[in-house]
Amino acid sequence: MRKALLTVLAAAALVTACGVQPTGVVPAGPGPSIQDTGGRQLLGGLTLYFVSDGRVIRVTRPTEGYVSPEGAIRILLKGPTEREAAQGLTTFVPVGLDKVTVYPGDPSSLSLPFSVRKLSDQAINQLVCTMIAASTSTGQVPNSPGVNVISPYDDVHFQSCKAD
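Last residue of the sequence shown? That's 391 in the working numbering, and every number before it is there in order.
This is the structure:
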């Protein structure tokens, strides 16, 4: 008898389904989209390096999605925003440096279209630190602490990030 009563109670619990009533489709906006980013989502923004009082410093800009190291360099080449410039930030990277190429690897390489000697230490650090920060944010943490800076006019120049 007890066994039969327990079976009836269990069946009753299943039938009532805890009082949940069926509903129709509830609109919740568009479905998720998938974008081929080639990397991980950046959390906290894109890190670029600009100059303040002669020192190379980190600047974080909000961003949506993945920015490759080459993309980060392109953004750096545009210089500081008006707001950043108003805060005293500047760039030592020469205007028109648009033919920079980034090669992945460990260490990765940054290819310049002219002699490395034409760049100040701050400019080289801006480029190298930005490239390392972008590479690190993708989850591709290199074993090497620096970047090879190459040009058709110089020997390979290995540089680590020297910033505040």
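Virtual Cβ for every residue (Gly too), placed ideally from N, Cα, C.
Predicted model, so just to flag it, every value in this text is computed and none were measured.
Residue range of the alpha helix (DSSP H) that L273 falls in?
Unbroken run through L273 is the beta strand (DSSP E), 273-279; no alpha helix (DSSP H).
Segment limits, alpha helix (DSSP H) that includes R310:
309-313
Excluding the five sequence neighbours on either side, which residues of its own chain have a C-beta within less than 8 Å of the C-beta of I284, listed in chain order?
Y276, F277, V278, L316, A390, D391
Nearest-angstrom Cα distance between P331 and Q314?
33 Å
Roughly how many angstroms separate the alpha carbons of D348 and E297, rounded to a whole number?
20 Å
Can you find the residues in the same chain that come closer than 6 Å, C-beta to C-beta, to T287, ignoring five residues on each side of it along the sequence?
G272, T274
Cβ-based burial, A312 [other Cβ within 10 Å; buried from 16]:
exposed
R310 versus H384 - alpha carbon distance
33 Å
Below 7 Å between beta carbons: does that hold for V376 and V322?
no
Rounded C-alpha distance that separates S336 from I302:
18 Å
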